[in-house]
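For reference, the structure discussed in these notes is given below.
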Amino acid sequence: MGPQHPSTHGVFRMMVKLNGETIERLEPVMGYLHRNHEKIGERNTFIQNMPFTDRLDYLTSLSNNFGYAMGVEKLMSLGARYNPPTRRAEVIRVLMAELTRLVSHFWSVGFLMNDIGAFFTPMMYAVEERELVLDFFEATTGSRMMCNYLRFGGVANDLPERLRSEANLINDRVRDFSTMDYVWEMIFERLPRAVDQFDEYLTTNEIVTNRCIGVGTLTREEAIDYSAAGPVLRASGVPYDVRRAEPYSIYPELEFDVAVRYHGDVYDRYLVRLDEMRQSLRILQQVYPLLKATEGEAFFSGRGGMYSPRVPAGESYGRVENPKGELGYYVVSDGGQNPWRYHVRAPSFINLTALERMCLGHKVADVVAILGSIDIVLGEVDR
Amino acid sequence: MYGTGIWRGMWITLRHFVNTYVDDVKWGFQRHVPPEAFPVRQGLQGRGSFTVEYPEEKIAVPERFRFIPFLIVENYDHPERPGHDWCTSCGICAKVCPPQCIWIVRGTDPETGRPKPEPVDFYIDIDICMNCGLCAEFCPFDAIKMDHDYELASYDRTGNHIFDKQHLSKEFRYWQSIAPTVAEKEAEARGGWEHKDVLKARAKEAKAKD
Ligand code: SF4
Ligand code: SF4
Numbered sequence: 000m001g002p003q004h005p006s007t008h009g010v011f012r013m014m015v016k017l018n019g020e021t022i023e024r025l026e027p028v029m030g031y032l033h034r035n036h037e038k039i040g041e042r043n044t045f046i047q048n049m050p051f052t053d054r055l056d057y058l059t060s061l062s063n064n065f066g067y068a069m070g071v072e073k074l075m076s077l078g079a080r081y082n083p084p085t086r087r088a089e090v091i092r093v094l095m096a097e098l099t100r101l102v103s104h105f106w107s108v109g110f111l112m113n114d115i116g117a118f119f120t121p122m123m124y125a126v127e128e129r130e131l132v133l134d135f136f137e138a139t140t141g142s143r144m145m146c147n148y149l150r151f152g153g154v155a156n157d158l159p160e161r162l163r164s165e166a167n168l169i170n171d172r173v174r175d176f177s178t179m180d181y182v183w184e185m186i187f188e189r190l191p192r193a194v195d196q197f198d199e200y201l202t203t204n205e206i207v208t209n210r211c212i213g214v215g216t217l218t219r220e221e222a223i224d225y226s227a228a229g230p231v232l233r234a235s236g237v238p239y240d241v242r243r244a245e246p247y248s249i250y251p252e253l254e255f256d257v258a259v260r261y262h263g264d265v266y267d268r269y270l271v272r273l274d275e276m277r278q279s280l281r282i283l284q285q286v287y288p289l290l291k292a293t294e295g296e297a298f299f300s301g302r303g304g305m306y307s308p309r310v311p312a313g314e315s316y317g318r319v320e321n322p323k324g325e326l327g328y329y330v331v332s333d334g335g336q337n338p339w340r341y342h343v344r345a346p347s348f349i350n351l352t353a354l355e356r357m358c359l360g361h362k363v364a365d366v367v368a369i370l371g372s373i374d375i376v377l378g379e380v381d382r
Numbered sequence: 000m001y002g003t004g005i006w007r008g009m010w011i012t013l014r015h016f017v018n019t020y021v022d023d024v025k026w027g028f029q030r031h032v033p034p035e036a037f038p039v040r041q042g043l044q045g046r047g048s049f050t051v052e053y054p055e056e057k058i059a060v061p062e063r064f065r066f067i068p069f070l071i072v073e074n075y076d077h078p079e080r081p082g083h084d085w086c087t088s089c090g091i092c093a094k095v096c097p098p099q100c101i102w103i104v105r106g107t108d109p110e111t112g113r114p115k116p117e118p119v120d121f122y123i124d125i126d127i128c129m130n131c132g133l134c135a136e137f138c139p140f141d142a143i144k145m146d147h148d149y150e151l152a153s154y155d156r157t158g159n160h161i162f163d164k165q166h167l168s169k170e171f172r173y174w175q176s177i178a179p180t181v182a183e184k185e186a187e188a189r190g191g192w193e194h195k196d197v198l199k200a201r202a203k204e205a206k207a208k209d
């Protein structure tokens, strides 16, 4: 099966052995999008890798940045002169990471529906909300998807006062909102409503339940053995979340529950994503007052214009709970300008290894649904 | 009851469908939304269709938007040095550029043969540029900035996509017009609207006069 069109999940092929319609063996074939990410990472200086991490899982560039920044900061903290990120920076980082999680889950639920045949209508409803979040990203970071926003010791830029634009091309239409009002409206009104609507729209839909319940089951033990992470692991009944297991940034202060479900099928993965969206909103609603409280404080602790930070020799592993699972950056430095070794633990890649286990005994049409429920992004799988 | 879930879903779809028309009625069935309506439709109050009918209407990009970089030159009616590059060919942008797509040719003084702080040529391969904005972020002279003009389609992909200095250079006024608040902040940091060198020279002159 495949290689599929890039607009579905990416260029991915599966070698499937069939008995009639039933899957007997399945082997994922990856590498169509291989870009030599890790080797390029070793050529680049530390800061130059930041925009490259955007291109791993291109739906969640801000939390990719987050993991890499944490990895390098851990390494820098071994050295003599190191200022940890300021509080404002941490608050902004968490704000961005959680918004990214919402965006990514919207996208993945939408695509799951696409895969089971609800072609594009649910997805468009999801993308509508995503659009608004991306508008905020664009005004803050400069780009909708390739944000390149975090720096070692903070973020590149403070939140703008207003999300405003200047007409520049012919037929340009101008918008101008106050940032804080926009964020408020988004996380207290619009997004919760959208999540509820999704829930109402899809959760009890008979077609969705028929296609999803009991399909692609991964037991608790199997999920652990395949070292799955993120919603795939949590839907199999393992309440493991890096934000709780190894708390970073300001997560220890925030109240949220780790979403967990116990059947390990496609439907539960979908439900875990919905729960996580609700938890993300809960986090965001706690972050908002912090954002207000830290307004005007420094967003960057390092020296400005520092394009080659001093990174001491050593190794570190920075990990974050990405929407797709645990994203880890293993960075080894020999004290020079660039990493000596740079490795990415990509959650979609590792979750994908469990694909065969989930598909065995199911029909061909289910494979597509199962693949959709793992929520892979090929930019990250192939690197 | 079996099937209620589907009907509920249909109801939501219908609501979206109706909302689109409610919106249209509200703005008087104009094919291209009147400018006042645009921020409402494309904002958090938007209920109906989110489509922007490019190219009849475009969303103006925010000030921090990053596209291919451009070089700032002095306004063409500048009293002292019209059209002079702000770039001093220090090479930091070329060094920090992640895909290494900037190529600078440094100028030399024809008499002494020593390098002059201005670029003779400046190339950016925009096919390679990843719009990361690092060059603009780390330029110590605010001489390279990210542009907002994203309409770059061209008929030839071999020669047209390597921008030379002439193609990249834009007046300082242009930067002020596309990003007024950002430009103002930068000017504050520099200590004036002018280039650092000009400001320095002025300060020196003023000192000499005293
Ligand atoms: S960093 Fe700025 S001044 Fe230096 S070469 Fe680049 S554009 Fe010119
Ligand atoms: S935007 Fe990034 S890739 Fe493009 S020229 Fe500047 S540093 Fe290089």
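These protein sequence lines map, in sequence, to chains A and B.
Numbering of the first sequence is given in numbering that gives the first Met the number 0, commencing with residue 0 and proceeding in unit increments.
Numbering of the second sequence is given in numbering that gives the first Met the number 0, commencing with residue 0 and proceeding in unit increments.
We put the CB at the ideal spot given by N, CA and C, even for glycine.
Values in this document were obtained by computation on a predicted structure and should not be read as measured data.
- For the pair residue 105/B and residue 119/B, the CB atoms are nearer than the 8 angstroms cut-off.
- With respect to chain B, the C-beta atom of residue 67/A has no partner C-beta closer than 8 angstroms.
- Between residue 38/B and residue 176/A, the alpha-carbon positions lie close to 9 angstroms from each other.
- Contact between residue 152/A and residue 301/A holds, with the beta-carbon distance rounding to 4 angstroms and staying under 8 angstroms.
- According to the DSSP assignment, residue 348/A belongs to the alpha helix (DSSP H) that extends over 346-351.
- Here the residues close to ligand 1, judged by CB distance below 6 angstroms to any of its heavy atoms, are 86/B, 87/B, 88/B, 89/B, 90/B, 91/B, 92/B, 103/B, 138/B, 140/B, 142/B and 143/B in chain order.
- Among the residues of chain B, none has a CB under 9 angstroms from the CB of residue 97/A; the nearest is roughly 18 angstroms distant.
- Contact holds between the stretch 231-247 of chain A and the stretch 204-221 of chain A, because three or more Cβ pairs, one in each stretch, are under 8 angstroms apart.
- Positions of the alpha helix (DSSP H) runs, each at least 4 residues long and wholly inside the stretch 142-168 of chain B, are given as 164-167 in order along the chain.
- The beta-carbon of residue 153/B is placed no less than 8 angstroms from the nearest beta-carbon of chain A.
- For the pair residue 103/A and residue 59/A, the CB atoms are nearer than the 8 angstroms cut-off.
- Per DSSP, residue 328/A is one residue of the beta strand (DSSP E) stretching across 324-332.
- Interface annotation, residue 60/B: in contact with chain A, CB-CB separation under 8 angstroms.
- Counting the other Cβ atoms within 10 Å of the Cβ of residue 16/B gives fewer than 16, which makes it exposed.
- Interface criterion not met: the Cβ of residue 45/A is under 8 angstroms from no Cβ in chain B.
- One Cα belongs to residue 270/A, the other to residue 264/A, and the distance between them is close to 10 angstroms.
- If you check the C-beta of residue 68/B against ligand 2, you find a heavy atom less than 7 angstroms away.
- Rounded to the nearest angstrom, the Cβ distance from residue 177/B to residue 147/B is 5 angstroms, consistent with a contact under 8 angstroms.
- Counted as a single uninterrupted DSSP element, the beta strand (DSSP E) harbouring residue 124/B occupies residues 114-124.
- Note that the C-beta distance between residue 290/A and residue 94/A is below 8 angstroms.
- With a cutoff of 7 angstroms, residue 95/B counts as near ligand 2, since its C-beta is closer than that to a heavy atom of the ligand.
- Straight-line measurement puts the Cα of residue 184/B at about 45 angstroms from the Cα of residue 349/A.
- Nearest neighbour of residue 97/B by Cα position, chosen from 318/A, 330/A, 199/A and 307/A, turns out to be 307/A.
- In the three-state reduction of the DSSP assignment, residue 60/A falls in the helix class.
- The beta carbon of residue 186/A lies closer than 7 angstroms to those of 280, 283, 284 and 287 in the same chain, with the five residues before and after it left out.
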